[in-house]
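Residue numbers (our numbering), protein chains in the order written: chain G, 1 to 353; chain A, 1 to 353. Virtual Cβ for every residue (Gly too), placed ideally from N, Cα, C. Just so it is clear, the structure is predicted and the values come from calculations on it, not from any experiment. These notes concern the structure reproduced below.
Protein chains: 2
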Amino acid sequence: MSKFWSPLTASLVPYVPGEQPKDKTYIKLNTNENPYPPSPKVIDAIKAAANADLRLYPDPTCEGLIQAAAAYYGLPAQQVFAGNGSDEILAFAFAAFFDPAKKLLFPDITYSFYKVYAKLYGLQTELIPLDEQFNVQVDRFHSDNGGVIIPNPNAPTAQLLPLDEIRALLENNPNQAVVIDEAYIDFGGESAVQLISEYPNLLVVQTLSKSRSLAGLRVGFAFGSEELIEGLNRIKNSFNSYTLDRLALAGAVASFEDEAYFRETTAKVIATRERVTEQVISLGFKATESKANFVFISHPSIAAKGIFQQLRDRGVLVRYFDQPRINEYLRVSIGTDEEMDALIAALREIAGS
Amino acid sequence: MSKFWSPLTASLVPYVPGEQPKDKTYIKLNTNENPYPPSPKVIDAIKAAANADLRLYPDPTCEGLIQAAAAYYGLPAQQVFAGNGSDEILAFAFAAFFDPAKKLLFPDITYSFYKVYAKLYGLQTELIPLDEQFNVQVDRFHSDNGGVIIPNPNAPTAQLLPLDEIRALLENNPNQAVVIDEAYIDFGGESAVQLISEYPNLLVVQTLSKSRSLAGLRVGFAFGSEELIEGLNRIKNSFNSYTLDRLALAGAVASFEDEAYFRETTAKVIATRERVTEQVISLGFKATESKANFVFISHPSIAAKGIFQQLRDRGVLVRYFDQPRINEYLRVSIGTDEEMDALIAALREIAGS
């Protein structure tokens, strides 16, 4: 505490990102990074943009990038927003759309940043429990709320909500914004972007961090009706006019120009995920049905926290959440096949089978 | 307006950045960019960082960059914060330190983003008038306030407040944060960073955009006591863990490794500024005493708005602020000598001398 802090600052409980240890080299399966490098076209575009023009401000409207993302989904540019990672866009969305006078609804088990944003913007929250199988119970998102946010697939459970259930959620909540956080959608889900023309209250948030292998570049998008995009721009332009630097803009545009590479690398991640899921089950673990670039696993007789530590001792980092309902689970990012072979070998030793 | 906007969103009056016209090529003297490219070492470092590691998140603590900035000023790393441009850091500082129950004080003529941030965070404000010569009147910043922010040099007036007046301001306001926004300090001012060890309430904000020629990279810093830096980190980590991408981090570190280039280019800008100031005065203009990379000029008989438009017609962009007290002034960024020769030639035609 400091007497120079605002009351807000004193009240916050900041987010803690997955650890980035520097003590030794780990097999890093703890922050859902893509094991494959970004497209060579992205690297080339960034190198080309590393020039004297860095003395100039970037385009504050991100026009070229927004056009590229709009073309990818066949949307008009007015329905697209770009930001400094999807985390920044989520922060803007919490401020732009959620009504502090009512409760914001999100699943009890979900991306742990949501409750942090809610504190930052003074929002009341109501956690809607997942069912016993970790499914989002859409019918429990009653309409008397100040907004709804759901990741799809959900994190850390990895499970996908079918589009007809998203549609049901939107039908039940026509008077407030519904945000679908699709950070992991490219690993087997169907995007709700196709519903935007029907539902002016739907905001879909995506990122280049996972499926485009660009966590280090910090670029995310939101797609929605013009009025929602204008709302995001009002917050952004009251916060920072230039959120994306020239290099991020150049690299992000190029990432949309290499569809073949994107298809190839996401297919590899999916294939590895399916293989790893089978293997961990054969070792006695249970696993949720993942449509993301990670698996969510639990052993019936060995404590997750112990497995986490034993993996760490063997040089494999995964993510453990010490919170109710999921404290017997581990979230394991999908790495290369070699990395996952090392994981499986370590789990085989730990599980003693 | 949209029914999906929060009350906050509806209340905002967003900032409007200087225009970035795309209709033709202008001599661009309207956004205080540096006319010289960044150091070649910066370009090389960015190209080297454009590699497969972009698949990985950047270091959320910005450790290497913070160490470089700390070493530059001889501070411990715990007294340094890095952000996505100084605009983002200012936004964080408004949330972190200023007390909504009392009035935030800043000059009546100043960086126009301050009132936008204040709206975003629900802060009351009191504008303290500059005197007739546009000097900040330090003794009018009475101590019954929720915080103080002053740019030094001030913008758009370009005038510098001497360090002993900053010290007087700090002595008069020991119980709340005092933010000194030093975006332009390297063009002839003395930084208040040297006062940090004496005043735990002093936050100094700087940027690589101007004197390091990196407006396109989006990197800023704050320097202050550990408790102030912790306050900024609490807000940041409730907003976005990874505000600086890998390329910005790499380029920014390199910018501190080329002190000779920095000295040379800032000296050139200063020399051009001094020469241009003399020339505009000889054309009948008056000019404030600038310690920034721009001049603030006015003609006794020709309306500033007309000069602005006539310069634009001649392909020269400058900044005009249609607001009380300064609506007969133009803010003109310092470009290359060739660009400023073109400006002077155009002003000579317009002033008819």
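Residues that residue i contacts on chain A, provided the C-beta gap is smaller than 9 Å
i         : result
Glu-227/G : Met-1, Ser-2, Lys-3, Phe-4, Trp-5
Ile-43/G  : Ala-50, Asn-51, Ala-52, Leu-54
Val-116/G : Asn-237, Ser-238, Phe-239
Gly-352/G : What Gly-352/G touches in chain A: nothing, since even the nearest Cβ is about 33 Å away.
Within chain G, partners of residue i - CB distance below 9 Å
i         : result
Lys-47/A  : Ile-46, Lys-47, Ala-50
Lys-119/A : Ser-238
Ala-91/A  : Ser-238, Phe-239, Asn-240
Pro-388/A : The structure shown does not extend to residue 388/A, since chain A is modelled only from 1 through 353, so no value can be given for it.
Ala-95/A  : Ser-6, Leu-8, Thr-9, Leu-120
Gly-306/A : By Cβ distance, chain G contributes nothing, its closest Cβ being about 27 Å from Gly-306/A, past 9 Å.
Candidates the options: closest to residue i by CA position
i         : options                                    : result
Ser-290/A : Pro-156/A, Ala-192/A, Tyr-57/A             : Pro-156/A
Asp-186/A : Pro-37/A, Phe-141/A, Ala-292/A, Asp-53/A   : Ala-292/A
Val-178/G : Asn-135/G, Ala-222/G, Leu-217/G, Ser-211/G : Ala-222/G
Leu-130/A : Lys-305/A, Leu-161/A, Gly-18/A, Thr-336/A  : Leu-161/A
Ala-10/A  : Gly-231/G, Gly-85/G, Leu-244/G             : Gly-231/G
Ala-68/G  : Leu-56/G, Pro-60/G, Phe-81/G, Pro-58/G     : Phe-81/G
Gly-251/G : Ile-46/G, Ile-27/G, Glu-257/G              : Ile-46/G
Thr-272/A : Val-295/A, Glu-257/A, Tyr-261/A            : Val-295/A
Ala-215/G : Arg-314/A, Met-1/A, Asp-245/A              : Asp-245/A
Met-340/A : Glu-328/A, Gln-79/A, Gly-315/A, Arg-325/A  : Gly-315/A
Ile-196/A : Leu-12/A, Asn-32/A, Gln-78/A               : Gln-78/A
Gly-83/G  : Thr-61/G, Thr-265/G, Leu-104/G             : Thr-61/G
Leu-208/A : Leu-202/A, Pro-200/A, Leu-217/A            : Leu-217/A
Glu-19/A  : Leu-29/A, Lys-41/A, Leu-104/A              : Leu-29/A
Pro-7/A   : Leu-123/G, Ser-39/G, Ala-260/G, Arg-55/G   : Leu-123/G
Ser-241/A : Ala-248/G, Ile-43/G, Ser-86/G, Tyr-57/G    : Ser-86/G
Lys-102/G : Ile-307/G, Asp-144/G, Gly-64/G             : Asp-144/G
Asp-53/G  : Ile-270/A, Ile-66/A, Asp-59/A, Ser-39/A    : Ser-39/A
Leu-163/A : His-142/A, Val-138/A, Glu-190/A            : Glu-190/A
Ser-333/G : Gln-159/G, Thr-31/G, Gln-206/G             : Thr-31/G
Ile-109/A : Leu-127/A, Phe-98/A, Ala-118/A             : Leu-127/A
Tyr-73/G  : Ala-192/G, Tyr-184/G, Lys-119/G            : Ala-192/G
Gln-194/G : Asn-233/G, Ser-213/G, Ile-166/G            : Ile-166/G
Val-219/A : Ala-50/A, Leu-65/A, Tyr-15/A               : Leu-65/A
Contacts that residue i makes with chain A (C-beta to C-beta distance below 7 Å)
i         : result
Thr-243/G : Asn-84
Arg-234/G : Thr-9, Leu-12, Pro-14
Amino acids of chain G, ordered along the chain, whose beta-carbon sits closer than 7 Å to that of residue i
i         : result
Asn-34/A  : Arg-55
Asp-99/A  : Ser-6
Arg-218/A : Tyr-242, Asp-245
Residues that residue i contacts on chain A, provided the C-beta gap is smaller than 8 Å
i         : result
Pro-129/G : Result: empty, since nearest Cβ-Cβ is about 25 Å, beyond 8 Å.
Glu-88/G  : Phe-239, Asn-240, Thr-243
Amino acids of chain G, ordered along the chain, whose beta-carbon sits closer than 8 Å to that of residue i
i         : result
Leu-105/A : Residues of chain G passing the Cβ test: none, with the nearest at roughly 15 Å.
Legend entry - Chain-ordered residues of the region 159-191 of chain A with a beta carbon less than 9 Å from chain G: The residues in question are Asn-175, Gln-176, Ala-177.
Inset, instruction - For the region 189-216 of chain A, enumerate the residues whose C-beta is nearer than 8 Å to any C-beta of chain G, in chain order. - result: For the region 189-216 of chain A, the residues whose beta carbon sits under 8 Å from a beta carbon of chain G are, in order, Pro-200, Asn-201, Ser-209, Ser-213, Leu-214, Ala-215, Gly-216.
Inset, instruction - Name, going along the chain, the residues of the region 275-286 of chain G whose beta-carbon falls closer than 8 Å to a beta-carbon of chain A. - result: From the region 275-286 of chain G, no residue has a Cβ closer than 8 Å to chain A.
Legend entry - Interface positions of the region 4-32 of chain A facing chain G (Cβ-Cβ less than 9 Å), listed along the chain: Hits within the stretch, in order: Phe-4, Trp-5, Ser-6, Pro-7, Leu-8, Thr-9, Ala-10, Leu-12, Val-13, Pro-14, Tyr-15, Val-16, Pro-17, Gly-18, Gln-20, Lys-22, Lys-28, Thr-31.
Legend entry - Contained alpha helix (DSSP H) runs [length at least 4] in the region 76-120 of chain G, N- to C-terminal order: With a minimum length of 4 residues, the continuous alpha helix (DSSP H) runs that stay inside the region 76-120 of chain G are 85-97, 113-120.
Inset, instruction - Indicate whether the contact test is met: 3 or more Cβ pairs, each with one atom in the region 84-93 of chain G and one in the region 278-294 of chain G, closer than 8 Å. - result: The count of Cβ pairs closer than 8 Å, one atom from the region 84-93 of chain G and one from the region 278-294 of chain G, stays below three, leaving the stretches out of contact.
Legend entry - Inter-stretch contact (C-beta, 8 Å, three-pair minimum) for the region 330-349 of chain A and the region 282-289 of chain A: Taking 8 Å as the limit for Cβ pairs, the verdict is that the region 282-289 of chain A does touch the region 330-349 of chain A.
Legend entry - Any beta strand (DSSP E) of 3 or more consecutive residues that is wholly inside the region 125-203 of chain A: Considered as a whole, the region 125-203 of chain A harbours 147-151, 178-181 as its complete beta strand (DSSP E) runs of no fewer than 3 residues, in chain order.
Legend entry - Given 8 Å, three or more beta-carbon pairs between the region 141-151 of chain G and the region 165-180 of chain G: Taking a cut-off of 8 Å on C-beta distances, the region 141-151 of chain G touches the region 165-180 of chain G, as three or more cross pairs fall below it.
Legend entry - Contact set between the region 58-87 of chain G and chain A, restricted to residues whose Cβ is under 7 Å from the partner: Under the 7 Å Cβ criterion, the region 58-87 of chain G contributes Pro-58, Asp-59, Pro-60, Asn-84, Gly-85, Asp-87.
Inset, instruction - Quick one: which residues of the region 247-258 of chain A get their C-beta closer than 8 Å to a C-beta of chain G? List them in chain order. - result: Within the region 247-258 of chain A, Leu-247, Ala-248, Gly-251 place their CB atoms closer than 8 Å to a CB of chain G, listed in sequence order.
Inset, instruction - Return the chain-ordered ranges of every alpha helix (DSSP H) run that is complete within the region 20-79 of chain A and spans a minimum of 4 residues. - result: Correct list: 40-49, 63-73.
Legend entry - Selection of the region 312-343 of chain A by Cβ proximity to chain G, strictly under 8 Å: With the criterion set as a beta carbon lying under 8 Å from some beta carbon of chain G, the region 312-343 of chain A has no members that meet it.
Inset, instruction - Scan the region 263-346 of chain A and note each continuous alpha helix (DSSP H) run of 4 residues or more that stays entirely inside, going in chain order. - result: Taking only runs of at least 4 residues, the alpha helix (DSSP H) segments lying wholly in the region 263-346 of chain A are 304-313.
Inset, instruction - Assess, as a yes-or-no matter, whether the region 301-309 of chain A is touched by the region 326-335 of chain A under the definition of 3 or more beta carbon pairs within less than 8 Å. - result: Between the region 326-335 of chain A and the region 301-309 of chain A, the count of Cβ pairs shorter than 8 Å is three or higher; the stretches touch.
Legend entry - Runs of beta strand (DSSP E) wholly within the region 220-268 of chain G (minimum 3 residues, chain order): Runs found: 220-223.
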